[in-house]
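Chains A and B are the protein sequences, given in the same order.
In case it helps, the working numbering puts the first sequence at residues 1 to 182.
In case it helps, the working numbering puts the second sequence at residues 1 to 182.
Number of protein chains: 2
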Amino acid sequence: MRIEDYQHFKPLILDYYDKAQIVLTEQEKLNLELADFGLNEFAQIGLSLVTFINTERCCAKEMVLLPGQTCPEHRHPVIPELDYPGKEETFRCRSGMVYLYVEGEPAAEIYGMLPESGKDYYSVFHQIVLREGEQYTIQPNTKHWFQGGPEGAVVSEFSTKSLDEYDIFTDPRIDRIPRIEE
Amino acid sequence: MRIEDYQHFKPLILDYYDKAQIVLTEQEKLNLELADFGLNEFAQIGLSLVTFINTERCCAKEMVLLPGQTCPEHRHPVIPELDYPGKEETFRCRSGMVYLYVEGEPAAEIYGMLPESGKDYYSVFHQIVLREGEQYTIQPNTKHWFQGGPEGAVVSEFSTKSLDEYDIFTDPRIDRIPRIEE
Chain A
1 MRIEDYQHFK PLILDYYDKA QIVLTEQEKL NLELADFGLN EFAQIGLSLV
51 TFINTERCCA KEMVLLPGQT CPEHRHPVIP ELDYPGKEET FRCRSGMVYL
101 YVEGEPAAEI YGMLPESGKD YYSVFHQIVL REGEQYTIQP NTKHWFQGGP
151 EGAVVSEFST KSLDEYDIFT DPRIDRIPRI EE
Chain B
1 MRIEDYQHFK PLILDYYDKA QIVLTEQEKL NLELADFGLN EFAQIGLSLV
51 TFINTERCCA KEMVLLPGQT CPEHRHPVIP ELDYPGKEET FRCRSGMVYL
101 YVEGEPAAEI YGMLPESGKD YYSVFHQIVL REGEQYTIQP NTKHWFQGGP
151 EGAVVSEFST KSLDEYDIFT DPRIDRIPRI EE
């Protein structure tokens with residue numbers, strides 16, 4: 001991600017946490033992760049997150065989605081060499097609204113919009129709308145993608161251990177590990 | 001717990017969630033757990049909680065402590081018959097303040113007060129003060145107890161699977177499974 005994008009978006013993202021009354025430590029604010037998946041169009045395809053805890057056994061994150069911002073289609077595979085059965089994750093919407101698409105019966109209609117860039121890499125999956133206080137659990141190795149509603153969203157993730165570098169994205173252009181370009 | 005106590009305290013507890021901007025579904029409000037550990041002095045020794053998710057692999061809860069209310073000393077043991085290495089849990093203070101006491105070097109001073117009832121069943125453990133946005137991870141089978149600060153607290157718990165019925169409390173009078181007495 002371009003450093004000027006990081007500097008532009010970071011205060012906007014922190015404001016989402018603040019408005020949702022989610023208090024972060026100064027260290028967590030410093031470590032705030034803005035993931036653009038190497039596509040350099042963060043406002044359209046991206047995700048912001050703070051990792052509260054990620055041990056061998058469990059993980060909790062607090063994520064922010066901008067209005068219409070999409071976290072692209074991916075799955076969390078079984079990792080035989082680590083004897084890891086794949087990540088199980090529960091998303092709980094804390095504020096705003098999130099559209100979640102999960103492998104299964106295709107949706108009758110799409111509430112949001114497919115991202116323009118790489119739109120062939122998104123499936124018209126079973127669609128779940130999560131409003132404040134609503135949640136959904138995604139099983140390991142299940143393809144999914146999600147998108148912020150019209151006012152964006154703050155979403156808690158409760159899961160087993162996160163091993164982001166093993167995630168498999170449908171869009172072959174994607175690089176999950178964030179890099180800041182000076 | 002006496003049903004009149006449940007009816008008295010429930011709206012107070014829901015107000016803590018509300019003020020911390022933690023939105024609950026109607027079903028979660030119905031299922032709100034007020035644990036008095038069978039001691040019938042909930043304002044002094046008790047804990048309120050909503051379990052968001054509790055699968056074979058991970059668990060998330062949102063807890064409320066009234067001002068000075070204590071969750072009594074206990075540990076989450078290894079459970080050999082379930083091949084379970086014991087519950088690991090992270091407490092994150094969302095609002096207010098919580099005093100946490102964990103097995104280890106004894107504290108130089110106690111910020112809060114030992115509960116009057118059953119006070120011999122509390123150890124003067126290593127003391128951690130969690131303010132908003134601060135968190136601490138408790139390892140399996142480690143004795144701990146915790147208490148709401150002067151304005152109470154809302155505390156998120158991120159953990160491995162919860163098996164409350166296996167928890168071992170120091171106070172032999174305690175019965176963890178809540179029962180409402182008509």
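Glycine included, C-beta positions come from ideal geometry on N, C-alpha and C.
Quantities reported herein were computed from a predicted structural model and do not represent experimental measurements.
- Message: Which of the three DSSP states is assigned to B/Gln138 in this structure?
- Response: Here the question's residue 138 of chain B lines up with position 138 in the second sequence. Strictly speaking, residue 138 of chain B in this sequence is Ile, with Gln absent from that position. In this structure, B/Ile138 counts as strand in the three-state DSSP scheme.
- Got a sec? Which residues, its chain only, sit under 6 Å from A/Glu28 by beta carbon, not counting five neighbours each side? The sequence position of residue 28 of chain A within the first sequence is 28, counting from 1. If the five residues before and after A/Glu28 are omitted, its C-beta is found closer than 6 Å to the C-beta atoms of Val50, all from its own chain and listed in chain order.
- Task: Could you check what DSSP says for A/Tyr101 in three-state terms: helix, strand or coil?
- Result: Numbered from 1 along the first sequence, position 101 holds the residue referred to as residue 101 of chain A. Three-state DSSP puts A/Tyr101 in a strand.
- Message: Relative to the C-alpha of A/Arg57, which candidate in B/Glu89, B/Glu41, B/Pro11, B/Asp83 has its C-alpha closest?
- Response: On the first sequence, position 57 is the one that residue 57 of chain A refers to. Of the candidates B/Glu89, B/Glu41, B/Pro11, B/Asp83, the residue whose Cα lies closest to the Cα of A/Arg57 is B/Glu89.
- Anything in the segment 150-161 of chain B with a Cβ closer than 8 Å to a Cβ of chain A? List those residues in chain order, please. Ser156, Phe158, Ser159, Thr160
- Who pairs with B/Ser117 in a beta bridge, going by DSSP? Counted from its first residue, the second sequence places residue 117 of chain B at position 117. In the DSSP output, where bridge partners are listed per residue, B/Ser117 has none listed.
- Query: Would you say A/Leu24 faces chain B, with C-beta separation under 9 Å as the test?
  - Reply: Here residue 24 of chain A is taken as the residue at index 24 of the first sequence, counted from 1. At least one chain B Cβ lies under 9 Å of A/Leu24.
- Just the chain A side, please: which residues come within less than 9 Å of B/Ala20 by C-beta, in chain order? The sequence position of residue 20 of chain B within the second sequence is 20, counting from 1. Taking a Cβ-Cβ cut-off of 9 Å, the neighbours of B/Ala20 in chain A comprise Gln21, given in sequence order.
- So what's A/Ile13 in DSSP terms, helix, strand or just coil? Reading the first sequence from its first residue, position 13 is the one you call residue 13 of chain A. Note: A/Ile13 maps to helix in three-state DSSP.
- Work out the CA separation of A/Ile174 and A/Gly38 for me, nearest whole Å. Reading the first sequence from its first residue, position 38 is the one you call residue 38 of chain A. Reading the first sequence from its first residue, position 174 is the one you call residue 174 of chain A. Between A/Gly38 and A/Ile174, the C-alpha separation is close to 6 Å.
- Query: If you count every other CB in all the chains shown that lies within 10 Å of the CB of A/His8, and 16 or more means buried, which is it?
  - Reply: For this step, residue 8 of chain A is matched to residue 8 along the first sequence. Counting Cβ neighbours within 10 Å, A/His8 comes out exposed, since fewer than 16 surround it.
- Query: What in chain B is Cβ-close to A/Glu134, meaning under 8 Å?
  - Reply: On the first sequence, position 134 is the one that residue 134 of chain A refers to. Thr25, listed in chain order.
- Contact with chain A by B/Thr170, beta-carbon distance below 9 Å: Taking the second sequence and counting its residues from 1, the one referred to as residue 170 of chain B is at position 170. No, B/Thr170 lies away from the interface with chain A (no Cβ there is under 9 Å from its Cβ).
- Message: If you measure between the beta carbons of B/Tyr101 and B/His126, is that distance less than 9 Å?
- Response: Here residue 101 of chain B is taken as the residue at index 101 of the second sequence, counted from 1. Here residue 126 of chain B is taken as the residue at index 126 of the second sequence, counted from 1. Cβ atoms of B/Tyr101 and B/His126: closer than 9 Å.
- Task: Write down the C-beta distance between A/Gly148 and A/Pro67 rounded to the nearest angstrom, noting that I regard them as a contact closer than 8 Å.
- Result: Reading the first sequence from its first residue, position 148 is the one you call residue 148 of chain A. Reading the first sequence from its first residue, position 67 is the one you call residue 67 of chain A. Taking C-beta atoms under 8 Å as the contact rule, A/Gly148 and A/Pro67 qualify, at a distance of about 5 Å.
- Message: Any beta carbon of chain A sitting closer than 9 Å to that of B/Arg57?
- Response: Here residue 57 of chain B refers to the residue found at position 57 of the second sequence. At least one chain A Cβ lies under 9 Å of B/Arg57.
- Message: For a contact defined as C-beta to C-beta under 7 Å, what are the partners of A/Arg75 on chain B?
- Response: If you number the first sequence from 1, residue 75 of chain A lands on position 75. Residues of chain B passing the Cβ test: none, with the nearest at roughly 17 Å.
- Query: Near B/Thr170, which residues of its chain fall below 6 Å by C-beta distance, leaving aside the five closest residues on each side in sequence?
  - Reply: Along the second sequence, read from residue 1 onward, the residue named residue 170 of chain B stands at position 170. Within the same chain, B/Thr170 has close Cβ partners Glu73, Tyr121.
- Message: So B/Phe52 contacts chain A; which residues on that side make the cut at Cβ distance below 9 Å?
- Response: Along the second sequence, read from residue 1 onward, the residue named residue 52 of chain B stands at position 52. Within 9 Å Cβ-Cβ: Thr90, Arg92, Gln135, Ser156, Phe158.
- Task: Would you be able to state if there are at least three C-beta pairs under 8 Å between the segment 92-99 of chain B and the segment 127-137 of chain B?
- Result: yes
- Task: Give the single residue among B/Glu105, B/Pro106, B/Val124 whose Cα lies nearest to the Cα of B/Leu114.
- Result: Taking the second sequence and counting its residues from 1, one reaches residue 114 of chain B at position 114. Of the listed residues, the one whose Cα sits closest to B/Leu114 is B/Val124.
- Got a sec, what are the start and stop residues for the alpha helix (DSSP H) A/Gln44 sits in? Residue 44 of chain A sits at position 44 when you count from the first residue of the first sequence. Careful: A/Gln44 lies outside any alpha helix (DSSP H) and carries neither H nor E.
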